[in-house]
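Using the working numbering, read the sequence shown as starting at 12 and increasing by one per residue.
Scroll down for the structure; my scribbles are underneath it.
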Amino acid sequence: MNVEELRSVQRTERQKDSLQHLRDSFYRDVADYVVERKAERKQVAAEADDPFSSPEVSRLTDEIETAEEVVESIYERRVGKIVKRATFAAAGMAAEDEGLTSEERDLFDDLVARIERNRETVLDTLAGDVGDAADDPPSEATPDESAPNSTDSSADAGGRAEPEPTPPVDAGPAPDPDDLLAEAMGGDAPSDDDPSPDFPADESPTPDGGARPAGASESTPDADTDRTTLRITRDVGEIFGVDEREYDLASEDVVTLPTPNAEGLVSKDAAERLD
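As structure tokens, this is what we get:
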């Protein structure tokens, strides 16, 4: 196990939509590798006159940090794919569990079981098999038919005056079902006179009548943003640029970034300018 092997696994995981096959002990092997490097760094630091300025200590520190960052990136990418595969398996669709590490296989099995249990609970609730007794409203008390029903009496046995019967309130015409639905959804009822076209929930109209993806501004963010070309010198991961775009940065990548983001990476020795 070494950093180059980890980088190779990371590149393959980025390029494939499916899970690449990893040996069962992959994460344990990485953990053993990091422990060995830390022990070596400790020994080198003890033998050095000034461990803080020792090139070998710095090299080992960079190697340890890079290994930890790369394996974390690998795991995060694989978890998303495992969740998708577990969803298919819980729905009864074919989903292989080959190529998973032991830790990932435990996660996969747990997710499938949880999704299946939750699905059964939801379907039982929709069928009315859960909580019927608790949801039933209390039955109204039936008046005693033997009790006197005379309205001429002005007081009961205790001498208290009986309240005058309340006349029924006119509730007006029954509400339109469309109005109730719109009110429940927090909007106005649909109108036949509304000239606005319908767009999907994740799109909005553009000036030419088309649809713009949600979150996109009317002007292109890149148009007014100065950009700088860099070579990434260490794994950074995902960042959110001032141009409102996400960038996934790995060592040796050559990218063009908004200048404010580029300057931040250069100042942290995570990149070097190419222009």
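Note that the Cβ used here is the ideal one computed from N, Cα and C, for glycine as well.
CB of residue i within 8 Å of CB of residue j, strictly
i: valine 247; j: leucine 260; result: yes
i: glycine 110; j: leucine 33; result: yes
i: leucine 122; j: valine 81; result: no
i: arginine 88; j: arginine 22; result: no
i: aspartate 280; j: threonine 239; result: no
i: tyrosine 258; j: valine 265; result: no
i: isoleucine 85; j: valine 20; result: yes
Same chain, Cβ closer than 7 Å to residue i, neighbours up to 5 away in sequence not counted
i: aspartate 117; result: none
i: valine 253; result: Thr236, Pro269, Pro271, Asn272
i: aspartate 35; result: Thr112, Ser113
i: alanine 59; result: Ser65, Val68
8 Å Cβ shell around residue i - same chain, five flanking residues per side excluded
i: proline 62; result: Val55, Ala56, Val68
i: serine 262; result: Arg18, Thr77, Ile243, Thr244, Arg245, Asp246
i: alanine 41; result: This sequence places valine at residue 41; alanine is not what is there. Correct list, in chain order: Met12, Leu17, Ala78, Val82.
i: arginine 48; result: Leu71, Glu74, Ile75, Ala78
i: valine 14; result: Glu74, Thr77, Ala78, Val81
i: glutamate 283; result: Leu241, Arg242, Thr244, Val277
Paired residues, beta bridge with residue i - DSSP
i: serine 238; result: Note that residue 238 corresponds to arginine in the displayed sequence, not to serine. Pro269, per the DSSP bridge assignment.
i: alanine 282; result: Ile243
i: glycine 139; result: Answer is none; glycine 139 lacks a bridge partner.
i: tyrosine 258; result: Ile250
**Segment contact flag, the stretch 96-105 with the stretch 58-77, C-beta cutoff 8 Å, min 3 pairs** = The stretch 96-105, when compared against the stretch 58-77, does not touch it at the 8 Å Cβ threshold.
**Prompt:** Would the stretch 235-246 and the stretch 55-68 be scored as touching if the rule is three or more Cβ pairs under 8 Å?
**Reply:** In short, these stretches do not touch, since the Cβ pair count stays below three.
**Item:** 3-residue-minimum beta strand (DSSP E) runs that sit fully inside the stretch 54-103, ordered along the chain
**Value:** Assignment of beta strand (DSSP E) within the stretch 54-103, counting only whole runs of 3 or more residues, yields no such run.
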